[in-house]
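Quick note: the sequence shown, position 354, residue 353 per numbering that gives the first Met the number 0, numbers continuous. Scroll down for the structure; my scribbles are underneath it.
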Amino acid sequence: MNTAKYLLIVFGFSIPQLFAQAIPGTLNWYNGDGQGMYTDQAYKMLKNKKSQTVVVAVIDSGVDIEHEDLQGKIWVNPKEIPGNKIDDDKNGYVDDVHGWNFLGNANGENQENARLEKTRIYAKLKDKYDGVDPATLFDDTEYFMYANAKAEVEGELENLAQYKEGLANGQFDADTKKYIEDQLNYNLNIYYDDRSLIGDNPDDFTDTHYGNNDVEGPEALHGTHVSGIIAAIRGNGKGGDGVADNVKIMSVRTVPNGDEQDKDVALAIRYAVDNGAQVINMSFGKDYSPHQNEVYQAMLYADTNGVLMIHAAGNDAKDVDVEPNYPSSHIELQAAFSNLLTIGASTRMKGEAMVAEFSNYGAETVDVFAPGLEIYNTVPQSAYMNLQGTSMAAPMVAGAAAMLKSYFPSLSMWEIKTILLETATVYTDFDFSFKSVTGGIVNLKSAVKACEKAVKSKN
Ligand SMILES: [Ca+2]
Ligand SMILES: [Ca+2]
Ligand SMILES: [Ca+2]
């Protein structure tokens, strides 16, 4: 995911100073009634009911595991002895106590910035296809992927050229400046080396020995916020309330400032499944996916193991039935997954404004919406911020699914997924069925009722 683009969306809404505190009247709105998920009502129904701990993997930019509002909420690998440089549980990862960091090396160095996938494609295939006439090719599939990637990268660079003078004259505020500079220096720079520090071959999926156990990394804002939405301590007077109250977060650092690599995504999903996650949050996405079949195989592995994947729909205000946001099940000749939900972002407003204006949508490929605007939760250094995006909506549903699993452990993740879809609130004042499969917003109160019923019918 292009974090810089995401941040620009964030800063487009309001002045940066506002982000250090909740916008008045919005604290925990996402757990409330009205346009919220009725989480607090659901907990009233579950009072005195026992729950089991559920592990949620957060495949993201890293998590500040020392955050004050995440204490007791971080997964600990029970079979790994910390700091002895030995892979005690023999899962292939040395000293992976709280998860794994695929964006680093054994010396503890981390990769922070990366190119977009289209920039990597352009760079990799430039020598092969520059000046080639596609009519002479037996199979032109790769050529056209290259040609599209090249056209997009060059188009965006041309677009950015107009800001160069302004940058030199100090015309922009710090955040805009960073966004433009990151685009020029890393995201769209075909010459930027975004992998040799890690030391693996990103096209070889059998070359899995890389990374380190630093699950926070250099820039954990995004992943820490996502984790807080799922798991932040409820009712302690600090920050916001997490959606789930008996969960552990497993941090799998995979998403740089730029596009995530397919190999890291595939290995992160397998890591999560193999180490006990029951829910995987995936608040990332990209337009190109050269190894999409390997990612698909990893998702199939999660799917067949009954692990629920929650994917953010993306923030380009586009129809993802038509334009893909990878990873996705929307691949020709491949059936949809049983345990995958794609989530759009909703707001606390009514009517048409209920759909966040940046949110991707899709009557067939986006399942349901959840709150993703003005979400106040954890960021590194025990701080809190108000952020927005489908990146925030996905963990709402990851938290909801984890909460239901912890109180109704006899239900499978597939049953929980089905209940979340069937019980989503469909609002009568605005029909947004053309935006998603359900046309609704997740409702935990109704979901708890349905879970109680489902458990009774099983007995
Ligand atoms: Ca290990
Ligand atoms: Ca160890
Ligand atoms: Ca809290």
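Ideal placement from N, C-alpha and C gives every residue a C-beta, glycine not left out.
- Put simply, the residues with a CB less than 5 angstroms from any heavy atom of ligand 3 are 68, 231, 232, 235, 237 and 238, in chain order.
- Between residue 36 and residue 42, the C-beta gap is not smaller than 8 angstroms, which leaves the two residues out of contact.
- The C-beta of residue 238 has 16 or more other C-beta atoms within 10 Å across all chains shown, which makes the residue buried.
- Residue 224 sits in a helix when the DSSP states are folded into three classes.
- Leaving aside the five residues that flank residue 133 on each side, the residues in its chain whose CB is nearer than 6 angstroms to its CB run, in chain order, 139 and 142.
- Taken through DSSP and simplified to helix, strand or coil, residue 372 comes out as coil.
- A distance filter of 5 angstroms between CB atoms and the heavy atoms of ligand 1 selects the following residues in sequence order: 79, 86, 88, 90, 92 and 95.
- Contact between residue 214 and residue 100 holds, since their C-beta atoms are separated by about 6 angstroms, short of 8 angstroms.
- Cβ-Cβ distances below 6 angstroms link residue 53 to 246, 277, 401, 404 and 405 in the same chain, with the five nearest sequence neighbours on each side left out; the list follows chain order.
- Here residue 120 really is in contact with residue 144; their C-beta atoms are around 6 angstroms apart, less than 8 angstroms.
- Unbroken beta strand (DSSP E) stretches of 3 residues or longer found wholly inside the segment 26–68: 53–59, given in chain order.
- DSSP, read as helix, strand or coil, puts residue 183 in helix.
- Around the CB of residue 224, 16 or more other CB atoms lie within 10 Å, so the residue is classed as buried.
- DSSP places residue 390 inside the alpha helix (DSSP H), whose first and last residues are 389–406.
- Along the segment 190–270, the alpha helix (DSSP H) occurs as fully enclosed runs of 4 or more residues at 220–230, listed in sequence order.
- In terms of side-chain proximity, the C-beta atom of residue 83 is found nearer than 7 angstroms to a non-hydrogen atom of ligand 2.
- Taking a C-beta distance under 8 angstroms as the contact criterion, residue 280 and residue 394 qualify as a contact pair.
- The beta carbon of residue 372 sits closer than 6 angstroms to the beta carbons of 346, 355 and 387 from its chain, once the five residues preceding and following it are set aside; these are given in chain order.
- Sequence-distant Cβ neighbours of residue 152 in its own chain, meaning closer than 6 angstroms and more than five residues away, are 117, 118, 121 and 187.
- Here residue 375 is not near residue 105, since their CB atoms are 8 angstroms or more apart.
- The DSSP-derived three-state label of residue 166 is helix.
- Check the Cα spacing between residue 368 and each of 66, 390 and 381: the tightest is with 390.
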